[in-house]
Amino acid sequence: MDSKTRTVEMFFFPFMGGGHQIPMVDMARLFASHGAKSTIIVTPTNALHFQNSILRDQNSGQPISIHALQLPDGAVSPESDMSATPFTDTIVLQEPLKLFLIEHKPDCIVFDMFHRWAAELFDELGIRRIFFNGSGCLPGCVVESLRKYEPHEKVGSDYEPFVVLGLPDRIELTRSQLPDFVKDKSGRFDKMEKDEEKSFGFVKRDGKEGLACWLDEKEPNSVLYISFRSKPSFAPGQFVEITHALEASNHSFIWVVGKAFKDEENFLPGGFVERIKESKKGVILKGWAPQLLILEHGAVGGFLTHCGWNSMLEGVCCGVPIITWPLSAEQFCNEKLVTDVLGIGVQVGSIEWRSIKSDKKALIVREKVEVAVKRLMGGGDEVMEMRKRARELAEKAKKAVQVGGSSYMDADALIEELKSLKEK
């Protein structure tokens, strides 16, 4: 059998939100580097976000490409807003995707869990599918345990802690920290689980020159990096509390505010920006930031984050201890992994799970934020141990993706399995 026939062709169909799209694009690039012919299927608008990096891969000889689906006349491009009700907008892609797959049938397609209609389409066309869950393992284990044992139904209030049963480490949560879908009896997420069970497999996820110069002037582990989602679901006045806490802590920081400035031009206290510029204590970035480059810099000693899984992975891979501020989705479970299991983080004190669309948001007062920042950035034996554990995890992560590492071998094993099925 010639090499062309032996080449595995894989399609990747991400959800359009950045937290889901970025890791799947990275995955497509990974499999292309292992020799699989990889095609990323997106809308024309979303293709613009990463086409330059794919072009660089193509110029270096990687077998990777982008296919932009043409939307039906009058159709609106799917929202990347995770608050879409409930992620159903992507169904406008069903017909153009079907036409493309009829013409170009891959050996398998990796699809995001939020394309809830897609599994039936792939079954209809006889295409092997791999279900992509953009979260870590722990949230899935927690949800399964809660469904089986229902400890959250046996407590007296939303704020009374209960133990999640059946896990190797002790994890305590409160009902107030649980996502709505865990308490939802409609079966909306059961459909996703069935799609996962029937799939061939599933995959879990596991530079600005001025900024670099600013970091180069700082002492090792002296800078706190702060980044939430591009538009965090904060209570009114939360940014003011954060700014007061940062000034009171007296530690250097980089704060990525994302889209917040577009909606709240005056959310910072008067004189704050001028003071941090004069003191060179802080940098505020009003848009995209080179997060990995920042976290990898030796001056960065802490990461204040909303506990999204992508951010968790990047923080761990860079060996940076974490201040956890979960907001929604599975983020409270991710917080427990960081603080209670891995022992590389401290909690800011967030106790309320809130939907992105919810108008009711819990305010974390400046004193709590200040305490968490000083605890992580102030040094001491506790923090030294956290930094040591974080560095050890980073080294393990690095070895996993190197040639011969566990993640590297897993990718090769999947390609070989697809090849063997292709030859039958």
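Sequence positions in the sequence shown follow our numbering and run 1 to 424.
Ideal Cβ positions, reconstructed from N, Cα and C, are used throughout, including at glycine.
Bear in mind the structure is a predicted one, so any value in this text is a computation, not a measurement.
Closer than 6 Å by C-beta to residue 386: which residues in its own chain qualify, once you throw out the five before and the five after it? Chain order, please.
The answer, listed in chain order, is 321 and 344.
Alpha helix (DSSP H) containing residue 243: first to last residue?
Here the alpha helix (DSSP H) through residue 243 covers 238-249.
Using only the alpha-carbon positions, how far apart do residue 221 and residue 348 sit?
So the alpha carbons of these two residues sit roughly 19 Å apart.
Can you name, in chain order, every residue of its own chain whose Cβ lies under 7 Å from the Cβ of residue 263, other than the five neighbours on each side?
Because residue 263 sits at a pLDDT of 47, beneath the cut-off of 50, its placement in the model cannot be relied upon, and the point is left open.
Nearest-angstrom Cα distance between residue 362 and residue 32?
About 44 Å.
Is the segment 250-257 in contact with the segment 410-424, if contact means three or more CB pairs nearer than 8 Å?
Cβ pair count under 8 Å is below three, so no.
For the beta strand (DSSP E) holding residue 305, just list the boundary residues, first then last.
300-305 is the extent of the beta strand (DSSP E) around residue 305.
Roughly how many angstroms lie between the CA atoms of residue 105 and residue 127, to the nearest whole one?
Their backbone Cα atoms lie some 7 Å apart in a straight line.
Run through the segment 289-348 for me and flag every whole beta strand (DSSP E) of 3 or more residues, listed as ranges in chain order.
Counting only runs of 3 or more, we get 300-305, 322-324 and 345-347.
Tell me, please, which residues DSSP counts as bridged to residue 112.
Answer is 132, bridged to residue 112.
By Cβ distance, which residues of its chain are closer than 8 Å to residue 7, with the 5 residues on each side in sequence left out?
Correct list, in chain order: 35, 36, 37 and 63.
Buried or exposed, going by whether 16 or more other CB atoms sit within 10 Å of the CB of residue 377?
Residue 377 is buried by the Cβ-count criterion.
Suppose contacts are defined by Cβ-Cβ distances below 8 Å. Is residue 393 in contact with residue 319 by that definition?
Yes, Cβ-Cβ distance for residue 393 and residue 319 is below 8 Å.
Considering residue 10, what are the terminal residues of the alpha helix (DSSP H) in which it resides?
That residue, residue 10, is in no alpha helix (DSSP H); its beta strand (DSSP E) goes 9-13.
Can you tell me which of 21, 368 and 139 puts its alpha carbon nearest to the alpha carbon of residue 115?
That would be 21, whose Cα lies nearest to the Cα of residue 115.
What's the C-alpha gap between residue 83 and residue 102?
At residue 83, the pLDDT of 45 sits below 50, so the modelled position is not reliable; the number obtained from the coordinates is stated separately. Spanning the two alpha carbons is a distance of roughly 32 Å.
Which residue or residues does DSSP assign as beta-bridge partners of residue 255?
Partner(s): 226 and 284.
Please classify residue 16: is it buried, with 16 or more other beta-carbons within 10 angstroms of its beta-carbon, or exposed?
Buried: at least 16 other Cβ atoms inside 10 Å.
Could you tell me if residue 27 is buried or exposed, where buried requires 16 or more neighbouring beta carbons within 10 angstroms of its beta carbon?
Burial call: buried.
Whether or not the segment 135-151 and the segment 162-175 are in contact is what I'm after, with contact meaning three or more pairs of Cβ atoms, one per stretch, closer than 8 Å; do they touch?
With a cut-off of 8 Å, the segment 135-151 and the segment 162-175 count as touching, because enough Cβ pairs lie within range.
To the nearest angstrom, how far is the alpha carbon of residue 300 from that of residue 215?
Each residue's alpha carbon lies about 8 Å from the other.
Please classify residue 288: is it buried, with 16 or more other beta-carbons within 10 angstroms of its beta-carbon, or exposed?
Exposed.
Could you tell me which of 43, 346 and 298 sits nearest to residue 307, measuring between CA atoms?
When each option's Cα is compared against that of residue 307, the closest is 346.
Please go through the same chain and pick out, in chain order, the residues whose beta-carbon is closer than 6 Å to the beta-carbon of residue 405, but skip the five residues on each side of it.
Around residue 405: 399.
Can you give me the start and stop residues for the alpha helix (DSSP H) that residue 45 sits inside?
Per DSSP, residue 45 belongs to the alpha helix (DSSP H) from 44-47.
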